[in-house]
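Protein chains in written order, with numbering that gives the first Met the number 0: chain A, 0 to 278; chain B, 0 to 250. Idealized CB from N, CA, C, for every residue including glycine. Source: prediction; values computed, not measured. Notes follow the structure.
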Amino acid sequence: MRLRVSVDSFAYPDGTPAVRDVRLDVRSGEFAGILGSNGSGKTTLLKLMDGLLKPFKGRILLDGVAIAKLSPKEIYRKVGLVFQNPDDQLFAPTVAEDVAFGPLNMGFPKAEVDRRVKGALASVDMGKYLDKPLHTLSFGQKKRICIAGLLAMGHEILLLDEPTAGLDPMGEYKMMGLLLRLNREQGVTIVMATHSVDLVPLFLDRLYILSKGRVVRSGTPEEVFTAPEEMAHVRLRLPHIAETIYRLKHEDHVPFGKIPLTIGEARREILRLLEATHA
Amino acid sequence: MHDTLLREEKGRHPLFRVDARIKLLCAVALLFMVLTSGGVPFPLFTALLCLALCGSLRIPARRLLIRFSEPAFIVAVLIVIKLLFSGHAVMGTVRLPGFELSCHWDGLMEGLLMGLRIIAAVSVIAVLGFATPFTEFLGALAWLKVPKGLIEISIFAYRYIFLLLDDAMVIYHAQKNRLGYSSVRRGLASFGVLAGALVLKAFDGSQNAAIAMIQRGYEGRMILSGQERLKARHLAWSALFLLLMGVLWKR
């Protein structure tokens with residue numbers, strides 16, 4: 000399932016412009032990220048892609064069909080948005096009932112609903128929380144239940160608004176690992192809005208940098224994260240490890256090759272340099 | 000409700016394995032018998048039976064005391080009123096400056112009977128509440144054809160009451176940190192602001208919940224999970240139980 004976004008402009012009813020000249024092409028099975036500072040228009044763009052905000056100038060195509068021509072039901076069977084705050088999204092008393100909400104509305108028989116609920120919860124490692132009341136779950140667990148609620152409906156595209164916001168460092172890694180697994184093993188196309196620059200290079204295939212409602216850069220993490228000055232211009236920064244190596248290279252003239260974006264890459268590059276020095 | 004407790008006891012106590020619909024029907028029948036019984040023994044027996052069941056469910060005494068504190072207070076007031084202002088057989092008189100109060104034997108008995116009915120009825124509801132997860136209880140209500148709107152509201156209330164409580168505590172602590180409750184007057188003003196903020200938060204939450212529901216196929220009607228068929232064994236045991244209680248009630 001391919002999602003092509005071509006939004007010329009969108010403004011909120013009070014006249015505040017939110018998104019301008021945005022072009023995105025999310026291919027089937029891709030793990031893409033929209034990176035931007037606070038107020039850059041990430042959430043608005045995700046809501047546009049989910050058909051929640053309209054009208055706008057431009058076109059959003061879902062497998063070649065303009066979403067303006069699709070009914071909400073047709074859109075929501077294929078695309079699902081996970082909100083930043085899970086408490087906004089979970090409304091049933093227990094985990095099982097919340098995850099079952101979508102499949103029940105889709106008209107599946109009870110046995111199929113049960114199968115989907117258990118499968119979706121297993122996918123997000125929450126299988127043993129089936130009967131738990133939602134208010135007893137942690138923030139991270141609630142986020143997983145939000146994802147399970149959409150997976151149970153068989154969504155092919157998941158849009159996630161800051162999925163790692165509010166999580167501790169280990170929780171961030173686990174969440175990103177879960178999303179990567181869903182993407183690689185179950186083929187779910189994922190588009191996530193984030194400003195966690197340190198995590199992005201480890202997981203995402205493609206990045207779109209959003210600033211003041213416009214996509215200012217796009218490409219693979221290696222193509223996007225090039226110089227700290229350019230990132231600072233859009234109120235972002237390079238990953239810490241990349242910035243350190245960048246400074247060592249340009250200010251201390253250490254002969255690094257390309258700027259590594261992850262600790263693993265940096266480690267390999269440092270070892271290479273050490274070996275070259277010893278040799 | 001009593002979720003932690005429910006999870007710990009679930010599967011261990013036979014009452015948990017009984018279908019919520021049967022428990023609800025039994026509770027309604029028992030309430031009817033308690034409220035229409037003529038003498039003290041039946042409500043007394045029912046109250047003791049239910050308290051014993053609460054004990055076997057391992058409900059902590061503190062929780063039971065909290066649950067029964069309000070009805071116990073009402074019963075105490077009722078007995079005093081009945082003792083002093085109802086009946087004819089005077090059992091004693093208290094003389095106070097300017098007036099005298101007569102205590103009546105038949106008024107006391109009447110108050111005790113009414114009080115026992117209240118305690119027995121609350122005990123029945125307590126056992127039902129402690130032994131039935133809230134969602135199963137709602138399912139049973141739906142099965143009894145309680146209007147769906149009411150059940151949907153209960154589902155939302157159950158979910159959002161905890162969220163709003165969390166929000167209220169956050170706002171309360173923020174206000175307290177900035178001396179919002181340093182005097183009665185300020186406290187009242189702060190409480191008003193808290194209530195207003197909660198209404199706004201509830202409104203925002205409802206907007207987001209509506210979007211979340213619509214994107215998962217909600218079209219104005221909440222579909223509840225289907226009910227399993229009632230088990231003949233459960234039906235037989237409940238019929239036998241109600242029959243025995245009915246015999247006691249008739250006597």
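Residues of chain A with a CB under 7 angstroms from the CB of Tyr-217/B: which are they? Those within 7 angstroms of Tyr-217/B in chain A are Asn-104.
Within its chain, find whatever has a CB closer than 7 angstroms to the CB of Pro-132/A; leave out the 5 residues flanking it on each side and keep chain order. Only residues of its own chain outside the window of five on either side were considered, and among them Pro-92 and Thr-93 have a CB closer than 7 angstroms to the CB of Pro-132/A, listed in chain order.
Counting only C-beta atoms, is Gln-88/A closer than 9 angstroms to chain B at any point? yes
Beta-carbon separation (whole angstroms), Arg-3/A vs Ser-27/A, contact threshold 8 angstroms: With a Cβ gap of about 11 angstroms, Arg-3/A and Ser-27/A do not count as contacting.
For Phe-100/A and chain B, any beta-carbon pair shorter than 9 angstroms? yes
If you reduce the DSSP assignment to three classes, tell me which class Ala-91/A lands in. coil
With which residues is Ile-156/A paired in a DSSP beta bridge? Bridge partners of Ile-156/A: Val-78/A and Thr-188/A.
Assign Asp-124/A to one of three DSSP states: helix, strand, or coil. coil
Output, in chain order, the set of chain A residues within a Cβ distance shorter than 8 angstroms of Tyr-157/B. Pro-92
Compare the beta carbon distance of Ile-65/B and Phe-129/B with 9 angstroms and say whether it is the shorter of the two. no
Report all residues from its chain with a CB closer than 6 angstroms to the CB of Val-187/A; omit the five preceding and five following residues, and keep chain order. Leu-157 and Leu-181
Every unbroken beta strand (DSSP E) inside the stretch 118-185 of chain B [3 residues or more]: none
Distance check for Gly-212/A and Thr-15/A, CA to CA, integer angstroms please. Their backbone Cα atoms lie some 11 angstroms apart in a straight line.
Does the stretch 103-123 of chain A come close enough to the stretch 215-222 of chain B that 3 or more CB-CB pairs lie under 8 angstroms? yes
Cβ pair Phe-255/A, Pro-238/A closer than 9 angstroms: no
Do you know how far the Cα of Gly-138/B is from the Cα of Pro-108/A? 17 angstroms
According to DSSP, simplified to helix, strand and coil, what is Thr-35/B? helix
Secondary structure, alpha helix (DSSP H): runs of 4+ residues fully inside the stretch 12-97 of chain B: 13-16, 19-35, 40-55 and 60-84
Distance, Cα to Cα, Leu-60/A vs Ile-66/A? 6 angstroms
Own chain, CB closer than 6 angstroms to Gly-86/B, minus 5 neighbours either side, in chain order: His-103, Asp-105 and Gly-106
Would the stretch 73-89 of chain A count as touching the stretch 135-154 of chain A if we require 3 or more Cβ pairs under 8 angstroms? yes
Pull out every residue of the stretch 203-217 of chain B whose Cβ sits closer than 9 angstroms to any Cβ of chain A, in chain order. Asp-203, Gly-204, Gln-206, Asn-207, Ala-208, Ile-210, Ala-211, Met-212, Ile-213, Gln-214, Arg-215, Gly-216 and Tyr-217
Enumerate, from N- to C-terminal direction, the unbroken alpha helix (DSSP H) stretches of 4 or more residues contained entirely within the stretch 202-238 of chain B. none
Host alpha helix (DSSP H) of Ile-262/A (start-end): First-last of the alpha helix (DSSP H) with Ile-262/A: 262-277.
Chain A contact residues for Leu-162/B, given Cβ-Cβ distances below 8 angstroms: In chain order, Asp-86 and His-134 make up the part of chain A whose C-beta sits under 8 angstroms from the C-beta of Leu-162/B.
Tell whether a beta-carbon distance below 9 angstroms holds between Phe-288/B and Leu-247/B. Only positions 0 to 250 of chain B appear in this structure, which leaves residue 288/B out of reach.
Can you list the residues of chain A that Thr-35/B reaches, using a CB-CB cut of under 8 angstroms? Within 8 angstroms Cβ-Cβ: nothing; Thr-35/B doesn't reach chain A, min ~34 angstroms.
Helix or strand or just coil, what does DSSP make of Pro-213/A? It should be pointed out that residue 213/A corresponds to Arg in this sequence rather than to Pro. Reduced to three states, the DSSP call for Arg-213/A is strand.
Would Thr-3/B be called buried (16 or more neighbouring beta carbons within 10 Å of its own) or exposed? Unreliable placement is indicated for Thr-3/B, whose pLDDT of 44 sits below 50; no coordinate value is reported for it.
Whose CA, out of Ala-167/B, Gly-97/B, Leu-100/B and Val-121/B, lies closest to the CA of Cys-53/B? Val-121/B
For Asp-24/A, which residues of its own chain have a beta-carbon under 6 angstroms away from its beta-carbon, when the five flanking residues on both sides are left out? For Asp-24/A, where only same-chain residues beyond five positions count, the Cβ hits under 6 angstroms are Arg-3.
In DSSP terms, what Arg-58/A is bridged to: Ser-5/A
Mapping the DSSP letters down to three states, classify His-194/A as helix, strand or coil. coil
Return the chain-ordered list of same chain residues with a C-beta closer than 8 angstroms to the C-beta of Leu-235/A, the five sequence neighbours on each side being excluded. Contacts found: Leu-34, Gly-35, Ser-36, His-194, Val-196 and Ile-208.
Quick one: which residues of the stretch 120-137 of chain B get their C-beta closer than 9 angstroms to a C-beta of chain A? List them in chain order. Pro-132, Phe-133, Thr-134 and Leu-137
At a Cβ cut of 7 angstroms, what residues of the stretch 139-159 of chain A count as close to chain B, listed as they run along the chain? For the stretch 139-159 of chain A, the beta-carbon criterion of a distance under 7 angstroms to any beta-carbon of chain B is satisfied by Gly-148 and Met-152.
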